[in-house]
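**Q** Just so you know, numbering that gives the first Met the number 0 puts 68 at position 69 of the sequence shown, and the rest follows in order with no gaps.
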Amino acid sequence: MNLNLVRQFCRESEPLAVRRTETADRRIADYLVPVNAVGDRHPTIALLGVPQDEGVRRNGGRVGAAAAPAAIRRALAKLTASIGTAMLPENTTILDCGDVRTEGLSLEEIHRRQQEVVGALLDAGLVVIVLGGGHDVALPNGRALGARSQRLGIVNVDAHLDVRPPTLEGTHSGSPFRELIEDATCRVEQLVEFGIHAFSASAHHVRYVLERGYVVWTLEQIRRQTLASSLEQVVGSLVECGGIHFSLDMDALASAYAPGVSAPASDGFRPDEVATIIERIVALPACRIVDIVEVNPRTDTDERTARLAAYFAALMIWTIAHRTVCR
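(1) Please report the distance separating the alpha-carbon of L120 from that of V156.
(2) Just the Cα atoms here: how many angstroms apart are T79 and L314?
(3) Tell me, please, whether the segment 250–264 touches the segment 91–101 by the rule of three or more beta-carbon pairs shorter than 8 Å.
(4) Can you name the residues that DSSP bridges to M86?
(5) Distance, Cα to Cα, S228 vs D271?
(6) Is the Cβ-Cβ distance between A158 and A251 less than 8 Å?
(7) Along the chain, where does the alpha helix (DSSP H) containing E278 start, and where does it finish?
(8) How would you write the range of the beta strand (DSSP E) that P33 sits in, first residue to last?
(9) Enumerated in chain order, which unbroken segments of the beta strand (DSSP E) with a length of 3 residues or greater are wholly contained in the segment 180–248?
(10) Tell me the DSSP secondary structure of V260 in three-state form.
(11) Starting from the Cα of L106, find the closest Cα among A183, S12, E11, G54 and give me that residue.
(12) I'd like the list of long-range same chain contacts for R269, defined as Cβ closer than 8 Å, with 5 residues on each side in sequence excluded.
(13) Is the CB-CB distance between Y213 and Q189 below 8 Å?
(14) Give me, in chain order, the residues of the same chain whose beta-carbon lies closer than 6 Å to that of C325; leave out the 5 immediate sequence neighbours on both sides.
(15) Between the alpha carbons of I277 and W317, how many angstroms are there, rounded?
(16) Grouping DSSP H, G and I as helix and E and B as strand, with all else coil, what is D98?
(17) Starting from V127 and walking both ways along the alpha helix (DSSP H), at which residues does that stretch end?
(18) Given that a residue counts as buried once 16 or more other Cβ atoms are within 10 Å of its Cβ, and exposed if not, what is R202?
(19) What's the gap between the Cα of G48 and the Cα of R72?
(20) Measuring only from the beta carbon, is G141 closer than 7 Å to any heavy atom that is part of the ligand GTP?
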């Protein structure tokens, strides 16, 4: 496994010390292995942070998401590696790639570095979990997977469509999926916008998505049809996709559950609903990259949103590690 690009463009995350009184009390931190310590182990999952919120600033959002990868990692490390009596498989190794170096770089340069690192991890056969940062991190993620998939599928769980045009400054947190659609190298077979909130998406942006043959599921539609039924249709629409990118914007949840985000919403999914979505989509073998974005520790309450994002990251790890067949 060639990890030279990771070493070149990323810095190691802070050591994650977890207090415990029993040696058998295994936590997620026990499965995280820094790049320089991987040795002859064969990781199947990679964890990568992108600590920047320049795209949020360009989009007029509340900055602060640059601190999210560290906050999510701290909370993730403490979680037990078990559900009930079941444990993560003993051979599970999570390659902790640290954070993409962002100091003194433009957003475009950060994106280039991120795309190269993610591409190298995909080439090594890893499933990549990316902790943002603003939602613009989805652009280099999608480009990296799109360059390696004949038919790219994207599932965006979000209050917003994020298909705005770039501004005069360039890419921003509201433009990643438009840019992926219009990037000829990506070959987007399917884009599923899932959980879009009423009064949070302009009609002409909805038409933009629909006119290109893609799908918009509003929160109201999902509630009318039930989440289970909606997810069955989403999974059915992804069967022709060779690679799937799952993107979770934490503002898809109601602000009662996730107050610390760049653009909080009064309505939205409950945590158990998002967990069901993760278990259904991330279980698909074609799902090669996932990202969790828009956590804003600066506006969080008692680390509530960071801890919820960490729970979702742990569930993604669990789901990937227990994949068998496409459900």
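All residues carry an ideal CB built from backbone N, CA and C; glycine is no exception.
These numbers were taken from a predicted model, which means no experiment stands behind them.
**A** Result, derived from the coordinates:
(1) About 24 Å.
(2) Cα to Cα, the separation comes out at about 11 Å.
(3) Touching, no.
(4) Per DSSP, S81.
(5) About 16 Å.
(6) In contact: A158 and A251 (Cβ atoms closer than 8 Å).
(7) Under the DSSP assignment, E278 falls in the alpha helix (DSSP H) whose first and last residues are 270–280.
(8) Residues 31–33.
(9) Those beta strand (DSSP E) runs which fall completely within the segment 180–248 and span 3+ residues are 187–195, 214–217, 242–248.
(10) Here V260 sits in strand by DSSP.
(11) Ranked by Cα distance from L106, the first of A183, S12, E11, G54 is G54.
(12) Once the five neighbours on either side are set aside, the close Cβ partners of R269 are L252, A253, Y256.
(13) For Y213 and Q189, yes; Cβs fall inside 8 Å.
(14) Caution applies to C325, whose pLDDT of 39 falls short of 50 and renders its modelled position unreliable; the model cannot decide the point.
(15) The alpha-carbon atoms of I277 and W317 are separated by roughly 10 Å.
(16) The answer is strand: DSSP assigns D98 an E or B state.
(17) Where V127 is concerned, there is no enclosing alpha helix (DSSP H), although the beta strand (DSSP E) it sits in stretches over 126–131.
(18) Per the sequence presented here, residue 202 reads as Ala, with Arg not at that position. Counting the other CB atoms within 10 Å of its CB gives A202 a total below 16, which places it among the exposed residues.
(19) Rounded to whole angstroms, G48 to R72 spans 9 Å at the Cα level.
(20) Inclusion of the ligand GTP in the displayed structure is not the case, the ligand content being empty and no account of it being possible.
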